[in-house]
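According to our numbering, the stretch in the sequence shown is residues 2 to 677, in order. All residues carry an ideal CB built from backbone N, CA and C; glycine is no exception. Everything on this sheet refers to the single structure shown next.
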Amino acid sequence: MADVETLQTVAKPAASNAFGTPEKVEALRMMLRIRRFEVRAKELFLQGVIKGTAHSSVGQEAIAAGACRVLEPGDFLLTHHRGHGHTIAKGADIRFMFAELLGKAAGYCAGLGGSMHIADFDRGILGANGIVGAGMGLGTGAALAEKLNGSGAIGITFFGDGAANEGLFHEAMNLAAVWSLPLIFFCENNQYGLSTPSEAVTAGASIAARGAAYGVPSQRIDGNDVAAVFSAVERAALRARAGEGPSLIEALTYRWDDHSMRANLPAYRSQAEEDAWKTEDPIERLRDEAIIAGGIDDKAYDRMVAETNAEVEAAIDWASEQAEPTLADALTLVSPPSPADDALEPDPGARAIPYRQAITEAFDQEMARDENVILLGEDIGRIGGIFGLTPGLYERFGPERVRDTPISEGAIATCGVGAAMRGKRVVVEAQLWDFVTLMMDAIVNQAAKARFMLGGRAKVPIVFRGPQGAGIRLAAQHCQSLEMLFANIPGLEIYAPSSAYDAKGLMATAIRSDAPVVFLEHKLLYLGAEQAVPEDSFTIAPGRARIVREGSDCTVIATLAMVERAVQAADRLAKRGIEAEVIDPRTLKPFDLETLIASIRKTNRAVVVHEAPVFGGFGGEIAASLTEAAFDWLDAPVTRIGAPEMPVPYNDRLERDFMPDARDIARAIEAVCYRR
Numbered sequence: 002m003a004d005v006e007t008l009q010t011v012a013k014p015a016a017s018n019a020f021g022t023p024e025k026v027e028a029l030r031m032m033l034r035i036r037r038f039e040v041r042a043k044e045l046f047l048q049g050v051i052k053g054t055a056h057s058s059v060g061q062e063a064i065a066a067g068a069c070r071v072l073e074p075g076d077f078l079l080t081h082h083r084g085h086g087h088t089i090a091k092g093a094d095i096r097f098m099f100a101e102l103l104g105k106a107a108g109y110c111a112g113l114g115g116s117m118h119i120a121d122f123d124r125g126i127l128g129a130n131g132i133v134g135a136g137m138g139l140g141t142g143a144a145l146a147e148k149l150n151g152s153g154a155i156g157i158t159f160f161g162d163g164a165a166n167e168g169l170f171h172e173a174m175n176l177a178a179v180w181s182l183p184l185i186f187f188c189e190n191n192q193y194g195l196s197t198p199s200e201a202v203t204a205g206a207s208i209a210a211r212g213a214a215y216g217v218p219s220q221r222i223d224g225n226d227v228a229a230v231f232s233a234v235e236r237a238a239l240r241a242r243a244g245e246g247p248s249l250i251e252a253l254t255y256r257w258d259d260h261s262m263r264a265n266l267p268a269y270r271s272q273a274e275e276d277a278w279k280t281e282d283p284i285e286r287l288r289d290e291a292i293i294a295g296g297i298d299d300k301a302y303d304r305m306v307a308e309t310n311a312e313v314e315a316a317i318d319w320a321s322e323q324a325e326p327t328l329a330d331a332l333t334l335v336s337p338p339s340p341a342d343d344a345l346e347p348d349p350g351a352r353a354i355p356y357r358q359a360i361t362e363a364f365d366q367e368m369a370r371d372e373n374v375i376l377l378g379e380d381i382g383r384i385g386g387i388f389g390l391t392p393g394l395y396e397r398f399g400p401e402r403v404r405d406t407p408i409s410e411g412a413i414a415t416c417g418v419g420a421a422m423r424g425k426r427v428v429v430e431a432q433l434w435d436f437v438t439l440m441m442d443a444i445v446n447q448a449a450k451a452r453f454m455l456g457g458r459a460k461v462p463i464v465f466r467g468p469q470g471a472g473i474r475l476a477a478q479h480c481q482s483l484e485m486l487f488a489n490i491p492g493l494e495i496y497a498p499s500s501a502y503d504a505k506g507l508m509a510t511a512i513r514s515d516a517p518v519v520f521l522e523h524k525l526l527y528l529g530a531e532q533a534v535p536e537d538s539f540t541i542a543p544g545r546a547r548i549v550r551e552g553s554d555c556t557v558i559a560t561l562a563m564v565e566r567a568v569q570a571a572d573r574l575a576k577r578g579i580e581a582e583v584i585d586p587r588t589l590k591p592f593d594l595e596t597l598i599a600s601i602r603k604t605n606r607a608v609v610v611h612e613a614p615v616f617g618g619f620g621g622e623i624a625a626s627l628t629e630a631a632f633d634w635l636d637a638p639v640t641r642i643g644a645p646e647m648p649v650p651y652n653d654r655l656e657r658d659f660m661p662d663a664r665d666i667a668r669a670i671e672a673v674c675y676r677r
């Protein structure tokens, strides 16, 4: 742990000429506002007025006031769970902040995000975040968007010493350095990650020293000296605006309160340590400097304190009078409304192309249509991806929009989300869908929740896509069907096209959507025959199932590679007098239950088939929904067909046995049809 003696020996850069006495007085006012906000928030929490929790930044005010003073209105910041000071210093309205902490509909996040998720997109505040270190990855994406736009804007991402040991710290730092992004990494080292001393879990000379490994200029400063903070951030900002890439700043400071207002942890810091750090109170230090410099006197300071206190009390009074959100209103904020699309889908025409080419065409046409569409992924540029889905796009649209990334799934995904939040339409490729497990925070905690968590003010137009499924002998870690990992996550849409026609139309829809989309492709479909697909661009409204084959005796619901096998089974059974109707949902969320119910009313029987194991598979959800909605028309229980409860085997014969085939599906249909 860096104690007071160490802190006092930290090299303090000379204050900028732009941070003279008037600036110190304004910084002092800002720091008093932050301090009073935090003190009153804690008091309200202890009174039971603020529920849940909040994280106080008392003792760290100099960082927020010094760093954010450098930022211009068009610049952005991302912060963490202890982010009240940063948002206030960037210009957030404390009325709306208190309303959010009180869970009121007038809050920045409509009372749905709370203390850890405050954002104000109009002021470039892209959100605090309850996931440790997430802002670093999101910051790379926001910075990429600004660089592509040529806006000249820069950003700063605040994180704690604990977050510096997250893998995303290294992934994001590397990505920002490789792409020379206009981003400042600012570590607030307040000596403890919850209750564990930073020095006990952090290897190396310092966190700042890690920047050298990525060629990123770095500096360790006194975080309680507002002029030192301003000076360091100013230099980093000048570098970023000049196109020279990211910088890393580590500021030594100390939080006076516990980890959170809710923590109630056993004592883990000595009283002597706490008292010693409090002698370095950044507000008292700055007040004394301002008085000595003649900027204020004691009476002026007292007036400043009184004015700040009155401002905070007025904000609390206003927030307390606001209404609470309703469940009905909250439900409307989960996903953006889908654009009305009652148009008939175009005729396929006579031209036939493979599934892979259909997706490539969608990329090509959407990128030509909208310059904000960008592709991120490993090896998607020069070689067109390992499955050949992006050939020629690199040459046509250039490396800025078809971006080869490091092998760094966490950074790729969070970068994509950050860029989407800053106005880009992003397609992120998981080279093999199994690797999406390394992207889960970006998809589940960031993209899926952003609109809701930030009160409906965020758009995240991003597509996460990649090849899933077995059939080409890549074994258990390269062949999984993982759709159910995402089906239970509100805020995500899930598309699963089984034909070239659907692949092109749904990809165009996904790219144009303001909601995050999980886009599932199957490796076997890449190898399938050519199919009729319109040459012109078109979209398919999500939530519209396709009746692939009509029948009257049994409804078969199949997804992805299982659709063709279901058709094969139905064709075989037709020779024996059983006519099965095959339906492809095409999108799993939104899901077209009405088309299935209409079919059940006709056939009175149903079989659901998918490649994933039966237990916990999407077939269970379909079966339950049909039982609830169409029970009176069912003459037999809904039957589910899927893989056995095992990982995908490597052996080619076992892999074929693992996957449901036409014979398995036909047997299930026969069993349902003959069951009385």
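Closest in alpha carbon position to C480, among R458, V518, A431, P491, is A431. T510 has its alpha-carbon roughly 11 Å from the corresponding atom of I463. Minimum Cα-Cα distance from F632 among the listed residues T604, Y651, D653, E612 corresponds to T604. Taken in chain order, the unbroken stretches of beta strand (DSSP E) that lie wholly in the segment 70–150 and span 3 residues or more are 77–79. Contact between the segment 76–90 and the segment 281–289 is absent: fewer than 3 CB-CB pairs across the two stretches fall below 8 Å. Rounded to the nearest angstrom, the Cβ distance from G134 to F170 is 6 Å, consistent with a contact under 8 Å. Taking 7 Å as the cut-off, the Cβ atoms of S499 and L589 do not count as close. M647 sits exposed, since fewer than 16 C-beta atoms from the chains shown fall within 10 Å of its C-beta. G617 and A93 have their C-alpha atoms some 44 Å from each other.
In the three-state reduction of the DSSP assignment, E522 falls in the strand class, which pools E and B.
Counting only residues of its own chain and dropping the five nearest sequence neighbours on each side, A448 has a CB closer than 7 Å to the CB of V418, V461, I463, P517. A residue is called buried when at least 16 other Cβ atoms come within 10 angstroms of its Cβ; D503 meets this threshold and is buried. Put simply, the backbone Cα of A353 is about 48 Å away from that of A120. Judged by pairs of C-beta atoms under 8 Å, the segment 55–75 touches the segment 248–256, as three or more such pairs exist. Within 10 angstroms of the beta-carbon of Q469 lie 16 or more other beta-carbons, which makes it buried. Rounded to the nearest angstrom, the gap between the Cα atoms of P491 and T415 is 18 Å. L486 is not a Cβ neighbour of Y496, given a cutoff of 7 Å.
Spanning the alpha carbons of G246 and A173 requires a straight line of approximately 13 Å. Taking a 10 Å sphere around the C-beta of R657, we find fewer than 16 other C-beta atoms and assign the residue as exposed. Closest by C-alpha distance to G114, out of V202, A471, I623, G457, is G457. K148 is classed as buried because its beta carbon has at least 16 other beta carbons within 10 Å across all chains shown.
Between V564 and R606, the gap from beta carbon to beta carbon reaches 7 Å or more. For K450, same chain residues with a beta-carbon under 7 Å away, outside a window of 5 residues either side, are G492 in chain order. Boundaries of the alpha helix (DSSP H) around Y302: 299–321. In the three-state reduction of the DSSP assignment, C480 falls in the coil class, being assigned neither a helical nor a strand state. CA-CA distance, A237 to S321, rounds to 40 Å. Only exposed fits I293, as fewer than 16 other CB atoms lie within 10 angstroms of its CB. The residue among G424, V306, E39, T254 with its C-alpha nearest the C-alpha of E372 is G424. In the DSSP assignment, A637 forms no beta bridge with any residue. For V609, the enclosing beta strand (DSSP E) has its first and last residue at 607–614. Counting along the chain, D282 sits inside no alpha helix (DSSP H), nor does DSSP assign it H or E at all. Here V26 carries a helix assignment [DSSP, helix/strand/coil]. Contact check for E531 against P645 fails: the beta carbons are separated by 7 Å or more. The residues A533, in chain order, have a CB closer than 7 Å to that of A351 in the same chain once the five nearest residues on each side in sequence are set aside. Excluding sequence positions up to five before and after A567, its CB lies within less than 7 Å of the CB of V557, A559, V583, V610, I666, all in the same chain and listed in chain order.
Spanning the alpha carbons of K279 and R36 requires a straight line of approximately 14 Å.
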